[in-house]
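Residue numbers (our numbering): 311 to 466.
Even glycine gets a Cβ: it sits at the ideal position worked out from N, Cα and C.
Treat the numbers as computed from the prediction; the structure is a model and nothing was measured.
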């Protein structure tokens with residue numbers, strides 16, 4: 311009878327240990343899957359944002375052409391700088407996960423990008439373009455264009 315109780319106790323103990331290892335293994339597997347999904351989401355956001363930058367460079371180039379040909383009235387594009395994806399990037403910054411996969415320089419570039427391209431910047435630029443269209447001063451418009459081109463080239 312003592313042997314049966316000891317065997318039953320050892321069996322229960324081993325069952326608890328096995329359950330603990332299984333739970334730990336499953337948690338580790340789910341955590342890895344979540345991290346991999348977050349990395350893929352972040353890659354998607356970066357690729358999308360780079361495509362947006364290329365599109366904006368084209369829009370600013372078209373604006374420059376309209377100014378140079380004195381046909382500013384034909385250019386009617388809203389520069390939608392607020393349409394950047396940043397959800398996964400923000401989550402990875404908050405959790406600290408981004409620091410595992412990105413260099414210091416890349417983090418600085420990301421922070422500058424997120425700071426530069428926002429709804430506020432979009433409103434500022436488009437309102438400034440509207441103002442400069444109304445009282446057209448070519449020098450000021452060219453300065454704004456140069457500023458935008460520099461910012462967009464830096465964001466590449």
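query: Of the residues 336, 356, 465 and 373, which one's Cα is nearest the Cα of residue 400?
result: In the chain shown, the residue the question calls residue 400 occupies position 90. The shortest C-alpha separation from residue 400 is found at 356.
query: Quick one, which of 433, 466, 455 and 326 has its alpha-carbon nearest residue 391's?
result: Translated into the one-based positions of the chain shown, residue 391 becomes position 81. Among 433, 466, 455 and 326, the Cα nearest to that of residue 391 is on 433.
task: Could you please give the first and the last residue of the uninterrupted alpha helix (DSSP H) stretch that includes residue 333?
output: Residue mapping note: residue 333 aligns to position 23 of the chain shown, counting from 1. 312 to 378 is the span of the alpha helix (DSSP H), which, as asked, contains residue 333.
task: Give the straight-line distance between the Cα atoms of residue 443 and residue 385, rounded to the nearest whole angstrom.
output: Taking the first residue of the chain shown as 1, we reach residue 443 at position 133. Taking the first residue of the chain shown as 1, we reach residue 385 at position 75. Going by the C-alpha atoms only, they are around 10 Å apart.
message: Can you find the residues in the same chain that come closer than 6 Å, C-beta to C-beta, to residue 451, ignoring five residues on each side of it along the sequence?
response: To locate residue 451, count along the chain shown from 1; it is residue 141. Cβ within range, chain order: 377 and 442.
- prompt: Is residue 387 near residue 455, with beta carbons less than 8 Å apart?
  reply: Translated into positions along the chain shown, residue 387 becomes position 77. Translated into positions along the chain shown, residue 455 becomes position 145. No, these two residues do not count as a Cβ contact at 8 Å.
- request: Go ahead and pull the three-state DSSP assignment for residue 460.
  value: As a working note, residue 460 is residue 150 in the chain shown. Residue 460: helix per DSSP, three-state reduction.
field: Cβ neighbours of residue 427 in the same chain (closer than 6 Å, five flanking residues each side left out)
entry: Mapped onto the chain shown, residue 427 falls at position 117. Correct list, in chain order: 391 and 394.
message: Cutting at 8 Å between CB atoms, please list the residues of its own chain near residue 345, excluding the five before and the five after it.
response: Taking the first residue of the chain shown as position 1, residue 345 is located at position 35. Exclusion of the five residues before and after residue 345 leaves 407 as the residues of its chain whose Cβ lies within less than 8 Å of its Cβ.
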